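Colleague:
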Amino acid sequence: MIPAKYVSWGNAGSTIRELAAYGAARAKVIGAENVFDFTIGSPSVAPPESVLEKLRLLAADPDPVALHAYAPAAGIESVRCKVADYLNRSFGSSYDAGDIYMTHGSSSALALVCAALLSPGDEALALAPYFPEYRIYAEQTGAEFTEVLCDLESFRPDMAALEAKLTEKTALVIINSPNNPSGVVLDEDSVKEIAGLLRAKSAEYGHPIYILADEPYRELVYGGLTVPFIPSFYPDTLYCYSFSKSVSLPGERIGYIAMGKDMTDYADVKAAVCGAGRALGYICVSPMFQLAVADTLGDVSDISVYDDNRSLFYDELRKLGFTCIKPDGAFYLFIKAPDGDSRDFCRRAMEKDLLVVPGDDFGCPGFARIAYCVPMQRIVNSLPAFKALAEEYGL
Ligand code: PLP
Numbered sequence: 113m114i115p116a117k118y119v120s121w122g123n124a125g126s127t128i129r130e131l132a133a134y135g136a137a138r139a140k141v142i143g144a145e146n147v148f149d150f151t152i153g154s155p156s157v158a159p160p161e162s163v164l165e166k167l168r169l170l171a172a173d174p175d176p177v178a179l180h181a182y183a184p185a186a187g188i189e190s191v192r193c194k195v196a197d198y199l200n201r202s203f204g205s206s207y208d209a210g211d212i213y214m215t216h217g218s219s220s221a222l223a224l225v226c227a228a229l230l231s232p233g234d235e236a237l238a239l240a241p242y243f244p245e246y247r248i249y250a251e252q253t254g255a256e257f258t259e260v261l262c263d264l265e266s267f268r269p270d271m272a273a274l275e276a277k278l279t280e281k282t283a284l285v286i287i288n289s290p291n292n293p294s295g296v297v298l299d300e301d302s303v304k305e306i307a308g309l310l311r312a313k314s315a316e317y318g319h320p321i322y323i324l325a326d327e328p329y330r331e332l333v334y335g336g337l338t339v340p341f342i343p344s345f346y347p348d349t350l351y352c353y354s355f356s357k358s359v360s361l362p363g364e365r366i367g368y369i370a371m372g373k374d375m376t377d378y379a380d381v382k383a384a385v386c387g388a389g390r391a392l393g394y395i396c397v398s399p400m401f402q403l404a405v406a407d408t409l410g411d412v413s414d415i416s417v418y419d420d421n422r423s424l425f426y427d428e429l430r431k432l433g434f435t436c437i438k439p440d441g442a443f444y445l446f447i448k449a450p451d452g453d454s455r456d457f458c459r460r461a462m463e464k465d466l467l468v469v470p471g472d473d474f475g476c477p478g479f480a481r482i483a484y485c486v487p488m489q490r491i492v493n494s495l496p497a498f499k500a501l502a503e504e505y506g507l
């Protein structure tokens with residue numbers, strides 16, 4: 113029998129991708145320069161030269177059979193070792209190669225962690241707004257997915273709401289900072305508060321509540337901010353990283369999971385991640401890209417481009433009367449729908465060929481996400497359409 117859940121997820125599709133497909137089709141009709149597509153969070157900046165150079169060298173490898181052979185299921189040992197060393201140098205952790213599992217980007221890391229830690233009857237909880245696929249990764253395991261809305265003024269965690277949603281069934285809390293879509297970066301105090309609460313609740317319930325720290329945007333922060341390393345504050349954290357955003361390699365599908373030795377049931381958690389990898393087929397990430405990132409860890413694309421876009425777009429939208437917090441990280445603005453109806457806001461924007469994504473998809477109705485990882489000229493050219501939209505709402 114064809115499982116109904118897959119049919120329904122397949123039929124539901126992704127609003128972001130549907131809007132982007134609409135934008136591509138519309139561009140053929142009215143010209144790409146007249147479609148202001150702010151839908152997909154795909155980097156607009158080239159990978160760092162160091163990464164490109166490494167890829168050129170690898171591609172010229174005189175032994176193509178070895179380069180293109182199957183990698184070990186969890187990743188190439190030397191690569192895992194370099195990742196562990198890099199994390200230890202950066203954050204004072206004590207990972208070794210065996211604590212790192214190489215993945216096909218953050219998406220497969222998230223799916224693997226959910227599969228490894230969730231059983232039917234468990235609950236996974238995410239702070240909203242959140243990346244829409246979390247729900248599917250959690251529900252796929254038979255667990256329940258619950259969302260906890262952040263404070264809608266600051267987009268910081270609402271600790272009382274979080275506490276109220278934790279139950280004996282909570283097995284996993286998913287945290288994403290810098291956040292897609294709000295751009296908020298969790299500060300150390302917030303991380304400590306969450307860690308304290310989860311520690312107390314784990315003790316009360318008699319089982320660990322793990323954190324999945326989803327951090328594909330770690331390096332995309334502005335104004336000299338640093339992003340707290342959650343495993344340093346809460347050892348029961350599975351740290352998921354991706355090279356999609358920081359070094360602009362979303363198409364190459366490369367990332368990793370790091371699991372610390374001071375984690376509860378460490379050996380079983382690691383085994384479960386490997387077992388989930390086997391069960392789901394998330395094994396043997398491309399050796400070429402593993403080797404490319406391993407020798408360029410810490411290198412980052414030119415994020416000043418995003419910073420300039422962020423300032424320009426934020427300032428202009430505020431001048432037009434829109435409400436939105438200034439993001440500290442990632443490359444999204446999360447703008448308030450003036451009358452609170454985000455789907456209608458996105459529909460009205462679409463009539464002006466402005467493509468933005470309703471916050472409903474991120475568990476946060478009333479807002480819309482604008483991805484500013486685009487050429488700056490697109491932002492400049494879109495401003496008259498945003499002005500017309502603001503006037504329509506009487507701003
Ligand atoms: N997590 C977040 C918060 C994201 O925004 C994205 C992509 O936009 C992903 C995970 C998936 O990223 P990838 O699979 O490319 O690493």
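Take the sequence shown: its position 282, counting from 1, is numbered 394 in this note's numbering, and each next residue is one higher. Think of the CB as a built atom: it goes at the ideal place given N, C-alpha and C, for glycine as much as any other residue. As the structure is a computational prediction, the values presented were derived from the model and not from experiment.
1. Can you tell me the Cα-Cα spacing of TYR317 and LEU237, whole angstroms?
2. Following the continuous alpha helix (DSSP H) through LEU224, name the residue where it begins and the one where it ends.
3. Report, in whole angstroms, the separation of the C-beta atoms of THR127 and PRO470, which I expect to be a contact under 8 Å.
4. Does the distance from the CB of CYS485 to the CB of PHE446 come in under 9 Å?
5. Just how far apart, CA to CA, sit ARG138 and PRO487?
6. With a threshold of 16 other CB atoms inside 10 Å of the CB of GLY135, please say whether the residue is buried or exposed.
7. Do PHE498 and LEU466 have their C-beta atoms within less than 9 Å of each other?
8. Could you give the residue range of the beta strand (DSSP E) that holds MET371?
9. Return the chain-ordered list of same chain residues with a C-beta closer than 8 Å to the C-beta of ARG390, the five sequence neighbours on each side being excluded.
10. Give a single yes or no on whether LYS357 has its beta carbon closer than 8 Å to a heavy atom of the ligand PLP.
11. When you compare the region 226-241 with the region 256-263, are there three or more beta-carbon pairs, one atom per stretch, that lie closer than 8 Å?
12. Using 8 Å for Cβ pairs, my map puts GLY372 next to SER205. What's the rounded Cβ distance?
13. Buried or exposed: which applies to TYR182, given that a residue is buried once 16 or more other Cβ atoms fall within 10 Å of its Cβ?
14. How far does the alpha helix (DSSP H) with PHE457 in it extend, from its first residue to its last?
15. Which of helix, strand or coil does DSSP assign to ASN421?
16. Is it the case that the Cβ atoms of PHE443 and PRO241 are separated by a distance below 9 Å?
17. Take TYR207 and list the residues in its own chain whose beta-carbon comes closer than 7 Å to its own, dropping the five residues that flank it on each side.
18. Considering only heavy atoms of the ligand PLP and the C-beta of each residue, which residues fall inside 6 Å, strictly closer?
19. For the alpha helix (DSSP H) that CYS193 lies in, which residues bound it at each end?
20. May I have the straight-line CA-CA distance separating SER356 from ASP414, to the nearest angstrom?
21. Looking at ALA124 and ALA228, is the spacing between their C-beta atoms short of 9 Å?
22. Give the C-beta separation of ILE321 and VAL285 to the nearest angstrom, bearing in mind that I take them to be a contact with Cβ-Cβ under 8 Å.
23. Any beta carbon from chain D within less than 9 Å of LYS304's own beta carbon?
24. Is there contact between the region 424-438 and the region 208-228, where contact requires at least three CB pairs shorter than 8 Å?
25. With a CB to CB cut of under 7 Å and the five nearest residues on each side skipped, what residues in its chain are close to ARG422?
26. Which residues in the same chain as SER358 place their Cβ atom closer than 6 Å to its Cβ, once the five residues preceding and following it in sequence are excluded?
27. Over what stretch of residues does the beta strand (DSSP E) that includes ILE395 continue unbroken?
28. Could you pull the DSSP bridge partners for ILE287 from this structure?
29. First and last residue of the beta strand (DSSP E) that includes ILE447?
Modeller: The answer reads as follows:
1. If you number the sequence shown from 1, residue 317 lands on position 205. If you number the sequence shown from 1, residue 237 lands on position 125. Going by the C-alpha atoms only, they are around 16 Å apart.
2. Position 112 of the sequence shown, counted from the first residue, corresponds to residue 224. Taken as a continuous stretch (DSSP letters only), the alpha helix (DSSP H) holding LEU224 covers 217-229.
3. Here residue 127 is taken as the residue at index 15 of the sequence shown, counted from 1. Here residue 470 is taken as the residue at index 358 of the sequence shown, counted from 1. Sure, about 7 Å apart at Cβ, within 8 Å.
4. Stepping through the sequence shown from its first residue, residue 485 is reached at position 373. Stepping through the sequence shown from its first residue, residue 446 is reached at position 334. No, the pair does not count as a contact, with Cβ atoms beyond the cut-off.
5. Translated into the one-based positions of the sequence shown, residue 138 becomes position 26. Translated into the one-based positions of the sequence shown, residue 487 becomes position 375. About 18 Å.
6. Your numbering for residue 135 matches position 23 in the sequence shown. GLY135 is buried by the Cβ-count criterion.
7. As a working note, residue 498 is residue 386 in the sequence shown. As a working note, residue 466 is residue 354 in the sequence shown. Cβ distance < 9 Å, so PHE498 and LEU466 count as in contact.
8. Taking the sequence shown and counting its residues from 1, the one referred to as residue 371 is at position 259. 367-371 is the extent of the beta strand (DSSP E) around MET371.
9. Position 278 of the sequence shown, counted from the start, is the residue given in the question as residue 390. These residues qualify, in order along the chain: ALA185.
10. By 1-based counting over the sequence shown, the position of residue 357 is 245. LYS357: yes, Cβ under 8 Å from the ligand PLP.
11. yes
12. Numbered from 1 along the sequence shown, position 260 holds the residue referred to as residue 372. Numbered from 1 along the sequence shown, position 93 holds the residue referred to as residue 205. Correct: roughly 6 Å between the Cβ atoms.
13. Counted from its first residue, the sequence shown places residue 182 at position 70. Classification of TYR182: exposed, given that the 10 Å Cβ count is below 16.
14. By one-based count along the sequence shown, residue 457 stands at place 345. Per DSSP, PHE457 belongs to the alpha helix (DSSP H) from 454-463.
15. Taking the first residue of the sequence shown as 1, we reach residue 421 at position 309. ASN421 falls in the helix class under three-state DSSP.
16. Counting from one through the sequence shown, the residue named residue 443 turns up at place 331. Counting from one through the sequence shown, the residue named residue 241 turns up at place 129. Not in contact: PHE443 and PRO241 (Cβ atoms no closer than 9 Å).
17. Translated into positions along the sequence shown, residue 207 becomes position 95. Cβ neighbours of TYR207 beyond the five flanking positions: ALA196, LEU199, ASN200, ALA370, GLY372.
18. GLY153, GLY217, SER218, SER219, PHE243, ASN288, ASN292, ASP326, PRO328, SER354, SER356, PRO362, GLY367
19. Position 81 of the sequence shown holds residue 193. Here the alpha helix (DSSP H) through CYS193 covers 189-203.
20. Mapped onto the sequence shown, residue 356 falls at position 244. Mapped onto the sequence shown, residue 414 falls at position 302. Cα to Cα, SER356 sits roughly 14 Å from ASP414.
21. Counting from 1 along the sequence shown, the entry for residue 228 is found at position 116. Counting from 1 along the sequence shown, the entry for residue 124 is found at position 12. No, these two residues do not count as a Cβ contact at 9 Å.
22. Numbered from its first residue, the sequence shown carries residue 321 at position 209. Numbered from its first residue, the sequence shown carries residue 285 at position 173. Indeed, because the Cβ distance is near 6 Å, the residues count as touching under 8 Å.
23. Among the chains of the structure shown, chain D does not appear; only one protein chain is present.
24. no
25. In the sequence shown, counting from the first residue as 1, residue 422 sits at position 310. Contacts found: TYR334, PRO439, TYR484.
26. Counted from its first residue, the sequence shown places residue 358 at position 246. These residues qualify, in order along the chain: GLU331, VAL412.
27. On the sequence shown, residue 395 is found 283 positions in, with the first residue counted as 1. Note, ILE395: premise wrong, no beta strand (DSSP E); not H, not E.
28. For the purposes of this step, residue 287 is taken as residue 175 along the sequence shown, with counting starting at 1. For ILE287, which the question treats as bridged, DSSP gives the partners ALA325.
29. Along the sequence shown, read from residue 1 onward, the residue named residue 447 stands at position 335. Where ILE447 is concerned, the enclosing beta strand (DSSP E) stretches over 444-448.
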